Structures are given as structure tokens and as C-alpha cells.
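In this text, residue positions in the sequence shown follow the UniProt record's numbering: the first is 1, and each later residue adds one.
A short worksheet on the structure shown next.
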Amino acid sequence: MSNITSQLQDTVMKNQSSVAISGSDPTTFSKLWSQTDAFAGGLQDRDIAAGDAVAIRLSNPRALLVAFYGTLRNGCVPVTIPTEYGSPDITTVLRETEANAYVTDETPFLGILNRVETVRVAITVDIDARMGIDLPSFLDNDGMNSAGSRTGIDVVRQSDDDSGLIAYVGYDGGEPLGVAYSHSALTAAADLGGSIVEEDATPRHLGLLPLSNPIELMYGANAAILEGGQYHPHTDRDPETARSLLATDDADRAFCSPRQYETLRELEADVDDSVAVLETTGASLTRPGEAVDDRMGTAVRYRGCPETGLTHLIDADADDSDTVSEVLPGIETRVLEDQFDGELSVSGPTTMDEYVARPALTDETIASVDGTRWIRTGAFDGDETGVSRVGDQAKSIYGRSKTYRQ
């Protein structure tokens, strides 16, 4: 299985002058490839090598994708951080992952760096560099293959089992919770994501969810780009603008939470053929009576969470008491012998490897049966407080109850 940097390289060769990231400042595939090469070169200039972690906390989707692909091109592990995380949370993330680089658009950040010994460089985006280096200056180098040789290395190859992404998605016991994925999981998610909504067309994906959301990153933006399509950033996530973009040729698909979908419907937006609504999982995956929402409208709906990836397609005509209608390709489900009340376990190529620095929680969530790894969906269905999610996550993809943020 080829990893996504190899796939990106193949896509770039076929679509060099086409737009990969659209919007007010369009980025062609050729330019994206050059920028990711320069980002990888900047890491190499600072002796940051394959297997090292690069933490990315950005609200700028364009810069985040450059850092994401550039990190992978150098064989490093991108670590995405939600913008809602505060300084103590970010410090914990950098320590847990032993990050060697920190990409940020948040100030102040010097206090964070003073508490984390492993970080060698802070790369800033749209803010004062201070003791760090701004992104344009960081990209000012000769890239990975500085000699310009045709046989030079411009992608550090990684195996399917190597770590490809760590996504921090919420909290466990008040502490930031990271989910680790292999390269093969990224590839499998991109393969499925490329066919969502527009199966026969090159996707033009509108970013209604933040790229720190691993479902949006893996199945949305990354899948669209690897298909030779476009990712259209929409950072303010204004529903009126989203409706306009989906009604024109600027975008033909988007992922949204049930709450966002409800808002679009209230605006009388005709988006049912353009959006995929992402519903939360957990034990409600199959338990009758645990409604996700009223399921108004006919938009396609998927269920999934960071631990499992997308797992089920829901019949648009099903009411809230119905079970999930279709398991997605490559996904297997079963009820383990020690599970009760219809709780499903999920196995498949898009599932996580582990929780970062949480061995006990990983053991609680992952079971191995005859050599097959199963993610217990009930392990992240409820907590002792009964509070399952906060903010706009009231009807979101995050299935774990330890207060996830979108």
C-alpha cells in the first residue's frame, strides 16, 4: 500500500497547474508540492528526522496542510492540536509526543516553549515570530533535495505500520487526549473519503469543520486533494456563505455536524445532495431509543469517531429507532462475548493504533480476538457525570464522552 505522500506526488504530476486549495489565495498542486518540499527541508535543516513529532496548532487551513504534508514528506509524525486548547493543554501535548517542532498562530507561546525541552523550533503563522521563525522564512531553503539530483530523495518512505498522524480530539480525566493512526489508516480513510457524496466526480470539498478534526482532515481535505480535487477553506464557517458556496461551482460537497445541517436547512438551503452529515457513535450505534437527532432532510449521513474512523452509512429515510443500515467497505462489526446491551466493537483499516500515553485506556478500548483488533464503541459512550459532549458537539462525530470539542 502506498502512503499518502506517494499518492500526493502522483496526483501532483497529473495536475500540476490545477488548483489544490481554492479560495481567496488559490494554491496549485505544483505550488503545494514545492511548499511541502520546503517545509520538509526546513525540518531537515534543524536535524528533525523521520519518526520525530511536529505539533501543529493552526486556524489557517492552508498553512496547516503545508505543515501536514511537509511533515509527512520528511518521515515525521504530524500532531494536530485543536485551537480550543489552552497553554497548559498544549504544553501537555508537546511533552506527551516529545515534539521537536511547534507550528502555531497563537500568542503568547514562549511560556509553552520554556516548559518543553524537546522543541527545537517554533514556526509561526500570521503572528510575530518573536523567538521563533515565521513560516515564509522557514520555507526559504533548497528543500529536501538541495543538490537538485534526479535521483535525490524528495519523500522519506514510511511503512504502512509507521505512525502517520496523532490527532488530539478532546479530554480524558481533564487531560488532553490524543489518538494515533498508522500510515495505512490514513490511506484507507482517503480512499473512502474520495467517494463520499460525489462518487463519480472529482471532489471540491468545502471545509465546514476544522482540520484538527481527524475525520475532516483524513476523509475530507486530504481525500479531495489526493483525488486531484480541491479543498476550499471556510474558516469563519458562516452558514450563509456556506450555502452560497455549495450552490455555486465553488464546492460540491462538505461534511457537517447535525447542528450545522439543521442551520443550513433553516436557511432553506438546497444542500441535501452536497453535504454528508456526521453523527456520533458510541453504544447508540445500535441501541434503539438513543436518538442522534430528528434526522430531518435527506442528506447522506455517516457515523464515525476518531477511534474508529467512519464506519456506517445511515439510510436517509430511517427514523431514530432504526439501526444503522449499512457497514462501510472494509469495516467489520461484532459483539464480543463480554459485551452487553448490543454494544458493538469495530475493526477495519481506518481504526486507531492507540491513545497517546494512555496504555490503560488503550487496553480498555481495544480488544484482540484471534489476532484481530477490535475497538469497543461502548468504552467511550458515557462517563460518571452523564455529560457526553460540549458546545457545538451536542450532535457531533465525537463519540467519546470525556468532553470532546469540535
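The beta carbon of each residue, even a glycine, is placed where N, CA and C say it ideally should be.
A quick note: this is a predicted structure, and the numbers were derived from the prediction, not measured.
Practice problem: Look at the Cβ atom of Val19, then the Cβ atom of Thr27, and state whether they are nearer than 9 Å. | Solution: Residue mapping note: residue 19 aligns to position 19 of the sequence shown, counting from 1. Residue mapping note: residue 27 aligns to position 27 of the sequence shown, counting from 1. Yes, these two residues count as a Cβ contact at 9 Å.
Quiz item: Around the Cβ of Arg352, are there at least 16 other Cβ atoms within 10 angstroms (buried) or fewer (exposed)?
Solution: In the sequence shown, residue 352 corresponds to position 352, counting from 1. In the sequence on display, residue 352 carries Met and not Arg. Buried, by the Cβ-count rule.
Practice problem: Please name the residue or residues paired with Ala110 in a DSSP beta bridge. | Solution: The residue you call residue 110 lines up with position 110 of the sequence shown. Looking at the sequence provided, one finds Leu at residue 110 rather than Ala. Per DSSP, none; premise fails for Leu110.
Practice problem: Could you say which of Glu227, Ile215, Ser182 and Gly220 lies nearest to Thr202 if we only look at CA atoms? | Solution: Within the sequence shown, residue 202 is the residue found at index 202, counting from 1. Looking at Glu227, Ile215, Ser182 and Gly220, the one whose alpha-carbon comes closest to that of Thr202 is Glu227.
Practice problem: Go ahead and label Arg301 buried or exposed: buried means 16 or more other beta carbons lie within 10 angstroms of its beta carbon, across all protein chains shown. | Solution: As a working mapping, residue 301 is identified with position 301 in the sequence shown. Under a 10 Å Cβ-count criterion, Arg301 is classified as buried, with 16 or more other Cβ atoms of the shown protein chains found around its own Cβ.
Quiz item: In its own chain, which residues sit with a C-beta less than 7 Å from the C-beta of residue 409, not counting the 5 before and 5 after it?
Solution: Any question about residue 409 goes unanswered here, given that the chain covers just 1 to 406.
Practice problem: Let me know if Val292 comes out buried or exposed under the rule of 16 or more other beta-carbons within 10 Å of its beta-carbon. | Solution: The residue given as residue 292 occupies position 292 in the sequence shown. Model confidence at Val292 stands at a pLDDT of 48, short of 50, so the residue's coordinates are unreliable; what they give is reported in the following sentence. With a threshold of 16 other beta carbon atoms within 10 Å, Val292 meets it and is buried.
Quiz item: If we ignore side chains and look at the alpha-carbon of each, how far apart do Glu268 and Ser244 end up?
Solution: Within the sequence shown, numbered from 1, the residue matching residue 268 stands at position 268. Within the sequence shown, numbered from 1, the residue matching residue 244 stands at position 244. Answer to the nearest angstrom: the Cα atoms are 11 Å apart.
Exercise. Rounded to whole angstroms, what's the CA-CA distance from Ser257 to Leu310? Just pull it up for me.
Key: For the purposes of this step, residue 257 is identified with residue 257 of the sequence shown, where counting begins at 1. For the purposes of this step, residue 310 is identified with residue 310 of the sequence shown, where counting begins at 1. The straight-line gap from Cα to Cα measures roughly 14 Å.
Quiz item: Is it right to say Glu96 is buried, meaning 16 or more other beta carbons lie within 10 angstroms of its own, or is it exposed?
Solution: Taking the sequence shown and counting its residues from 1, one reaches residue 96 at position 96. Counting C-beta atoms within 10 angstroms of its own C-beta, Glu96 has 16 or more neighbours from the protein chains shown and is therefore classed as buried.
Self-check item: Contained beta strand (DSSP E) runs [length at least 3] in the stretch 3-88, N- to C-terminal order
Solution: If we require 3 residues or more, the beta strand (DSSP E) runs fully inside the stretch 3-88 come out as 19-21, 53-57 and 77-80.
Practice problem: Pull up the CB-CB distance for Leu72 and Gly173, whole angstroms please, since I reckon it's below 8 Å. | Solution: Along the sequence shown, read from residue 1 onward, the residue named residue 72 stands at position 72. Along the sequence shown, read from residue 1 onward, the residue named residue 173 stands at position 173. Actually they do not touch by this definition, with Cβ atoms about 31 Å apart.
Practice problem: Give me the Cα-Cα distance between Arg265 and Ala299, rounded to the nearest whole angstrom. | Solution: Along the sequence shown, one-based indexing puts residue 265 at 265. Along the sequence shown, one-based indexing puts residue 299 at 299. Going by the C-alpha atoms only, they are around 11 Å apart.
Quiz prompt | Of the listed residues Val119, Thr83, Ile112 and Gly86, nearest to Asn100 (C-alpha basis) | solution = As a first step, residue 100 is located in the sequence shown; it is residue number 100 there, counting from the start. Taking only the C-alpha atoms, the option nearest Asn100 is Val119.
Quiz item: What residue from Leu361, Glu106 and Asp140 has the CA that sits closest to Glu175's CA?
Solution: On the sequence shown, position 175 is the one that residue 175 refers to. The shortest C-alpha separation from Glu175 is found at Leu361.
Exercise. Leaving out five residues on either side along the sequence, give the residues of the same chain with a beta carbon under 8 Å from the beta carbon of Leu336.
Key: Position 336 of the sequence shown, counted from the first residue, corresponds to residue 336. Contacts found: Ser345, Ala367, Val369, Trp374 and Arg376.
Quiz prompt | Simplified DSSP state of Gly194, which is helix, strand or coil | solution = The sequence position of residue 194 within the sequence shown is 194, counting from 1. Coil.
Exercise. Report yes if the CB atom of Asn15 is closer than 9 Å to the CB atom of Gln44, and no otherwise.
Key: Here residue 15 is taken as the residue at index 15 of the sequence shown, counted from 1. Here residue 44 is taken as the residue at index 44 of the sequence shown, counted from 1. For Asn15 and Gln44, no; Cβs fall outside 9 Å.
Practice problem: Within 10 angstroms of the Cβ of Asn114, are there 16 or more other Cβ atoms? Answer buried if so, exposed if not. | Solution: As a working mapping, residue 114 is identified with position 114 in the sequence shown. The C-beta of Asn114 has fewer than 16 other C-beta atoms within 10 Å across all chains shown, which makes the residue exposed.
Quiz item: Just to confirm, are Pro233 and Thr80 a CB contact at a threshold of 9 Å?
Solution: Locating residue 233 in the sequence shown gives position 233, where the first residue counts as 1. Locating residue 80 in the sequence shown gives position 80, where the first residue counts as 1. Thr80 is positioned such that its CB atom lies no closer than 9 Å to that of Pro233.
Exercise. Could you tell me whether the Cβ atoms of Thr372 and Glu326 are closer together than 9 Å?
Key: Taking the first residue of the sequence shown as 1, we reach residue 372 at position 372. Taking the first residue of the sequence shown as 1, we reach residue 326 at position 326. Not a contact, by the Cβ cut-off of 9 Å.
Quiz item: Which partner residues does Thr202 have in the DSSP bridge list?
Solution: Here residue 202 corresponds to residue number 202 of the sequence shown, with the count starting at 1. In DSSP, Thr202 forms no bridge with anything.
Exercise. For Pro78, count neighbouring C-beta atoms within 10 Å of its own C-beta (all shown protein chains included) and say buried if the count is 16 or more, exposed if not.
Key: By one-based count along the sequence shown, residue 78 stands at place 78. So Pro78 counts as buried.
Practice problem: Would you kindly work out how many angstroms separate the C-alpha atoms of Cys76 and Ala242, rounded to a whole number? | Solution: As a first step, residue 76 must be located in the sequence shown, where it is residue number 76. As a first step, residue 242 must be located in the sequence shown, where it is residue number 242. Spanning the alpha carbons of Cys76 and Ala242 requires a straight line of approximately 34 Å.
Self-check item: Inter-residue CB distance, Ser22 and Asp238 (contact presumed, cutoff 8 Å)
Solution: Residue numbering aside, residue 22 sits at position 22 when the sequence shown is read from its first letter. Residue numbering aside, residue 238 sits at position 238 when the sequence shown is read from its first letter. Their Cβ separation, rounded to whole angstroms, is 17 Å, which puts Ser22 and Asp238 out of contact at 8 Å.
Quiz item: Residues in its own chain within less than 6 Å of Thr5 by CB, not counting five upstream and five downstream?
Solution: Position 5 of the sequence shown holds residue 5. Contacts found: Leu72, Arg73 and Val155.
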